[in-house]
Amino acid sequence: MRISTDTLRLAVPVASLLLLLAGVFYLQPRAMSYNGLNLLFNLAVPIALATVAQMLIMAVNDLDLSMGTFVSFVACVAATYLHDAPLLGALILLAAIATYAALGVIIYLRNLPSIVVTLGMSFVWAGLAVLILPVPGGTAPEWARAVMISKPPLVPMAIIASALIAVFAHLLIMRSSLGVLIRGVGGNQRSVQRAGWSIIAARASAYALAACFAVAAGICLVGLTTGADANIALRYTLLSIAGVILGGGEFTGGRISPIGAVIGALTLTLAGSFLSFLRISPDWQIGAQGAILIMVLALRLLLNRLESKGGKP
Amino acid sequence: MKTLLSRPWIWSFIAALSVWLATIAFTGGASTVGLSQAALTFAAFSVLVGIGQMFVITLGPGNIDLSVPATMTLAGTVSLKYMDGQSGLILHGLAIAVGVGVCVGMLNYALIKALRIPPIIATLSMSFIVQSAAIWTNRGLRIKPPQALADFTTQTSFGIPNIALLALLISVAAWVLLHRTPYGRWIAAIGQSLPAARMAGIAVDGNRFVTYLLCAILAAVCGYLLACFSGGAALNMGSEYLLMSIAVVVIGGTAVAGGNSNVPGIWGASLFMFLVVSMLNTYGLGAGVRLMMTGAIIITVILLASGRTANLR
Amino acid sequence: MTLPMPPAVLEVVNAAVRFGEVRALDGVSLSIHPGECIGLVGHNGAGKSTIVSVINGGLSPQQGEVFSDGTRLAPYGIGVARSRGVRCVFQELSLCPNLSIIENTRIMHRNLGGFGWRKRAAAIILASIDAIFPDHGIDVGGPVGTLSIAQRQMVEIAMAFSDAGQPPRLVILDEPTSSLDAGLAAQLLAHVRRFVANGGAVILISHMLTEILETASRIVVMKDGKIVAERGAGGFDHASLVEAMGSAATHQTAARRAPAANQPVLELTLPKGQPFRACKGEVVGLAGLGGHGQTRLLLALFDRHSPQWWPIRNPAVTFVAGDRRENGIFDLWSILKNMTAASLGDLSRRGFVQDKAEIDRGDEWKVRIDIRTPDMNNPILSLSGGNQQKVLFARALSTRAPVVLMDDPMRGVDVGTKHEVYGMIRAEAEAGRTFVWYSTEMEEMQLCDRVYVFREGAIVAELTGDAISEHNILRASFEGEAA
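Protein chains in written order, with numbering that gives the first Met the number 0: chain Z, 0 to 312; chain D, 0 to 312; chain A, 0 to 482.
Printed below as a string of structure tokens:
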């Protein structure tokens with residue numbers, strides 16, 4: 000029973016990824032190569048990291064609408080301070096992670112709607128990003144650049160990185176005690192509390208971990224693009240939410256899947272390329288993303304219905 | 000005096016007044032009339048979208064309409080394109096703007112209901128499609144509004160901007176709707192407890208649907224007026240109203256958790272938000288600081304408001 | 000008692016808890032010794048759950064002290080309670096449905112961390128389930144969400160008895176058998192006896208008085224937040240226990256009429272079992288163990304007849320919720336607004352709510368149902384639980400709906416209020432209203448004209464007139480056969 004529901008949850012993202020990949024190869028056979036795959040999936044690495052970050056927030060039944068601006072902020076810091084004065088840059092990023100942890104605590108203690116708080120925070124991050132980098136520019140730290148453009152034999156870097164992210168996130172969130180605790184808070188906060196755990200600590204670590212992944216996303220993004228600007232990752236907010244849902248996660252109840260989330264991020268990146276190969280007018284690119292999100296949600300609903308039908312004898 | 004101070008909306012007016020005085024003091028009183036008229040005009044636009052958003056937020060936790068900016072842009076674009084600068088078509092243009100609002104509102108609630116997803120995700124996905132539709136209609140052309148309409152939106156009567164008078168009229172209507180009709184009671188009941196409202200025999204779906212419709216229509220009308228006021232529709236004309244619409248509601252003393260709304264507070268908050276920005280401008284501060292301040296103010300107000308309700312219990 | 004008693008595992012001295020106007024606990028002292036199984040009985044709202052919350056540290060009383068092994072524990076909280084070996088099985092689900100049973104075990108035992116914890120957790124929980132429910136057939140690697148209700152309850156019980164280096168010393172079982180069939184319940188009670196014989200302590204709360212009488216070594220009876228009787232197991236028999244609990248219903252059984260052969264006003268065919276039907280002027284009871292489909296039937300009846308999209312002027316049904324906080328009151332509002340929420344259509348003219356009509360309506364019902372408040376404009380939360388419930392009754396009765404659905408509406412209501420409401424229900428039924436009444440209290444079922452007994456989502460028996468008795472209802476709800 001367990002295997003079948005979990006596999007079913009993972010089957011949809013895998014199937015849609017393969018379907019899209021087949022579609023892209025059909026439209027553009029040249030993509031079927033080392034360089035082609037690298038180009039297709041390059042930008043998926045930071046998106047996958049941001050998706051895992053969003054997934055951690057969603058694991059405790061919250062939602063982060065500041066993901067896009069936060070990743071942009073990190074990118075701006077990475078392209079300036081982290082390059083020019085690595086120590087100061089690292090300190091700024093640590094402070095940002097601490098801010099996230101504090102947000103998690105405040106949202107829980109004052110029982111605030113995470114949506115509104117993170118929407119407010121998105122302006123704070125955007126403002127900081129503009130202050131740091133008023134015009135597009137900056138330089139990526141050499142090490143980040145080196146990692147992102149490295150060409151390992153046989154398998155492109157983008158695919159190796161995505162697989163590593165998936166495995167690491169899986170071990171951290173699905174296998175470790177801390178991951179169990181975070182998901183437990185999403186599933187039934189009261190019982191976790193009754194077992195004597197500190198909900199504050201659990202939520203703070205969920206938010207801090209999310210911030211760590213988001214910081215990694217920002218650095219990867221700068222490594223790829225070599226420069227940054229304050230609006231570089233704005234669409235990550237939607238992409239990360241859609242990626243989690245596409246990967247089999249739910250908005251509430253702590254039901255998430257890190258491997259699914261990474262696959263969801265890959266699928267969404269591929270969908271962008273697919274749409275451009277289809278020569279859909281750039282006017283409708285954003286709209287098509289919205290439509291994809293709606294379709295994914297409809298599919299999820301269908302799947303949940305099937306599942307609840309199958310679950311009841 | 001004490002009853003006045005116990006009103007939740009009074010604080011937003013006190014804040015607005017103090018910022019107004021601070022700005023006047025800085026400029027030495029040179030721009031008192033100009034500043035006040037500008038404040039009233041720009042506040043009026045925030046009030047229009049804010050009222051719609053307030054009705055939605057009244058429906059309870061998770062109810063936020065994120066499609067407001069896209070709806071504004073689409074309504075402004077389509078109606079200006081239709082009117083094509085002809086004064087005879089002003090009312091037709093208005094009808095088209097309202098029609099856009101009706102469509103978006105209906106689609107929004109259809110998504111919420113059919114896919115059973117949180118309203119913010121539904122309205123976010125919808126906003127991408129609407130935004131695409133706006134890009135597609137706009138095509139980068141800037142069509143001038145009919146002269147009569149442009150004059151109406153930019154001129155004053157009795158020293159008060161026409162737009163502000165219009166917004167005042169709509170505010171009064173909203174107040175009556177909220178406090179004097181069964182509909183107002185019903186949505187407040189739904190916001191306090193959806194299951195309790197359902198068990199009290201309130202037609203929950205109908206009321207929520209009407210509310211989302213109302214919000215979209217108000218956003219559309221605001222987009223129509225804003226496009227005429229600024230001499231043409233721009234693709235990013237709605238963007239700053241996303242946070243603004245939520246911020247003025249929250250700062251105005253409406254409970255973020257729903258069930259308790261406040262029309263006068265929206266005016267105080269709208270004036271406050273505009274005056275803060277213009278004060279920061281007068282002090283010569285840049286966009287980054289402005290963004291940060293906006294975010295910080297919202298988070299502070301939510302924190303303070305949550306403290307207020309915590310004390311009540 | 001000649002031997003000196005070993006020090007109590009846990010002792011609560013003079014605990015008092017108030018929720019607003021309600022005295023949930025009024026100076027309760029209770030000590031639990033090793034090798035003891037305390038049976039805790041009392042009606043809903045007697046304070047059983049509150050004393051349990053005090054013992055497990057989830058609620059700190061406004062007054063009173065907690066001792067363990069002779070030392071005072073201050074401050075006392077969930078963490079301290081667990082370190083003293085206090086475990087609790089709650090009535091509602093307290094596992095995380097999204098986690099596997101193994102992962103839930105990890106959550107329950109804080110000290111289980113470190114490399115390879117999955118293997119250890121699996122061994123621990125499996126040993127515990129095997130010990131209590133042999134042949135359970137539960138896969139401990141699977142998620143809790145896919146288990147049946149009975150299996151979940153088995154896992155929760157096993158979780159409480161499981162030992163991960165910190166053995167359980169006092170296990171509180173709050174209605175542990177409510178979802179278990181007779182065989183599983185017997186296995187559990189046998190385990191409780193074994194556990195107690197080996198020096199453990201148990202507090203057993205149950206509506207099934209036979210379970211208490213057979214298992215407990217000492218029985219404590221609570222009523223209105225106080226302990227009213229406390230004797231060794233031999234000191235009670237079924238009748239004296241019921242008497243000690245204090246019957247909530249009056250013995251006005253004579254007022255019950257044989258159901259008239261009337262036109263049914265409400266009918267519903269269930270997927271299995273007998274169909275449901277209610278006639279004009281009838282009080283229909285829904286009985287059986289909690290969670291066996293009674294509330295689902297009420298909701299189905301309500302959904303079928305209530306508006307979704309368009310307000311209707313003449314609703315067919317109205318609802319009185321039992322869970323006031325969850326789906327009854329609007330806590331930001333005044334008493335008056337809470338009362339009129341269901342009949343705003345009647346109180347409006349040309350689309351506007353008429354203040355005067357609303358105030359008049361409020362004053363009328365304030366007198367009729369005796370809502371104890373100086374001003375109907377006071378916030379609803381200023382009222383006691385019983386009076387809040389009266390407001391919900393007034394809300395339902397002041398509509399024009401001919402049928403009133405009631406979902407265990409007397410939860411946590413004091414005896415006085417209950418009697419007033421019983422009288423009102425009778426009077427309204429005489430006047431031609433129909434009531435469909437779900438309750439877990441046997442006495443309330445005896446006030447009904449006709450009772451349907453539920454088991455596993457289906458109606459398994461229909462009782463009328465003198466056949467409505469605790470004995471018949473219990474028999475039907477356990478045997479699942481028509482009486």
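By construction, the Cβ of each residue, glycine as well, lies at the ideal position given by its N, Cα and C atoms.
Taking a C-beta distance under 8 Å as the contact criterion, A:Leu300 and A:Leu267 qualify as a contact pair. In the three-state reduction of the DSSP assignment, A:Tyr75 falls in the coil class, being assigned neither a helical nor a strand state.
The distance from the Cβ of A:Ala286 to that of A:Ser476 is about 7 Å, consistent with a contact at the 8 Å cut-off. Per DSSP, reduced to three states, the secondary structure at A:Val143 is helical.
Counting only residues of its own chain and dropping the five nearest sequence neighbours on each side, D:Asn107 has a CB closer than 8 Å to the CB of Asp64, Ser66, Pro118, Ala121, Thr122, Met125, Tyr211 and Ala215.
Neighbourhood of D:Arg179 in chain Z, by CB distance below 7 Å: empty, with the nearest CB roughly 28 Å away. Under the three-state reduction of DSSP, A:Trp436 is assigned to strand. In this structure the stretch 12-20 of chain Z lies against the stretch 264-279 of chain Z, because at least three pairs of beta carbons, one per stretch, are closer than 8 Å.
For A:Val352, the chain D residues whose C-beta falls within less than 8 Å of its own C-beta are Arg179, Thr180, Pro181 and Arg184, listed in chain order. Less than 8 Å separates the beta-carbon of D:Ala195 from that of A:Asn326. Less than 8 Å divides the Cβ of A:Val227 from the Cβ of A:Ala243.
In the structure shown, A:Phe453 falls within a strand segment according to DSSP collapsed to helix, strand and coil. Residue range Leu9 to Phe18 is occupied by the beta strand (DSSP E) that includes A:Phe18. Here A:Ile334 really is in contact with A:Val390; their C-beta atoms are around 6 Å apart, less than 8 Å. Residues Val99, Val129, Ala132 and Ala133 of the same chain have their beta carbon placed closer than 6 Å to that of D:Leu73, with the five preceding and five following residues left out of the count. For A:Pro5, the closest alpha carbon among the candidates A:Arg303, A:Gln62, A:Gly69 and A:Ala14 is that of A:Gly69. Short of 6 Å from the beta carbon of Z:Leu81, and not among the five residues preceding or following it, lie these beta carbons of its own chain, in chain order: Gly88 and Pro140. Per DSSP, the continuous alpha helix (DSSP H) segment holding A:Ile131 begins and ends at Trp116 to Ile131. Contacts with chain Z (Cβ-Cβ distance below 9 Å) from the stretch 274-291 of chain D involve Gly285, Ala286, Gly287, Val288, Arg289, Leu290 and Met291, listed in chain order.
If you draw a straight line from the Cα of A:Val12 to the Cα of A:Gly224, it comes to about 14 Å.
Annotation: A:Val219 is outside any alpha helix (DSSP H); the continuous beta strand (DSSP E) that includes it extends over Arg217 to Lys222. Residue-level contact by beta carbon holds for A:Cys95 and chain Z, with a gap shorter than 8 Å.
The beta-carbon of D:Ala173 is placed no less than 8 Å from the nearest beta-carbon of chain A. For the stretch 19-103 of chain A, the continuous alpha helix (DSSP H) assignments of 4+ residues that do not extend past its boundaries occur at 47-54 and 77-82, in sequence order. Residue pairing for A:Lys225: DSSP places it in a beta bridge opposite A:Lys222.
In this structure, Z:Val44 is the residue among Z:Gln288, Z:Tyr25, Z:Gln284 and Z:Val44 with its C-alpha nearest to the C-alpha of Z:Val146.
Restricted to the stretch 232-266 of chain D, the alpha helix (DSSP H) segments that are unbroken, complete and at least 4 residues in length are 239-250, listed in chain order. With respect to chain Z, the C-beta atom of A:Glu325 has no partner C-beta closer than 8 Å. A straight line joining the alpha-carbon of Z:Asp83 with that of Z:Gly217 spans about 17 Å.
For A:Met153, not one C-beta of chain Z is nearer than 8 Å to its own C-beta. According to the DSSP assignment, Z:Arg234 belongs to no alpha helix (DSSP H), since it is labelled neither H nor E. In chain order, Gly195 make up the part of chain Z whose C-beta sits under 7 Å from the C-beta of A:Arg81.
The Cβ neighbour count for D:Met198, taken over all protein chains shown within 10 Å, is at least 16; the residue is labelled buried. Within chain Z, not a single residue places a beta-carbon under 7 Å from that of A:Leu125; the smallest gap is close to 16 Å. Contact with chain A is absent for D:Ala29, since none of that chain's Cβ atoms lies less than 8 Å from the residue's Cβ. At a beta-carbon threshold of 7 Å, none of the residues of chain A lie near Z:Asn37; the nearest stands roughly 36 Å away.
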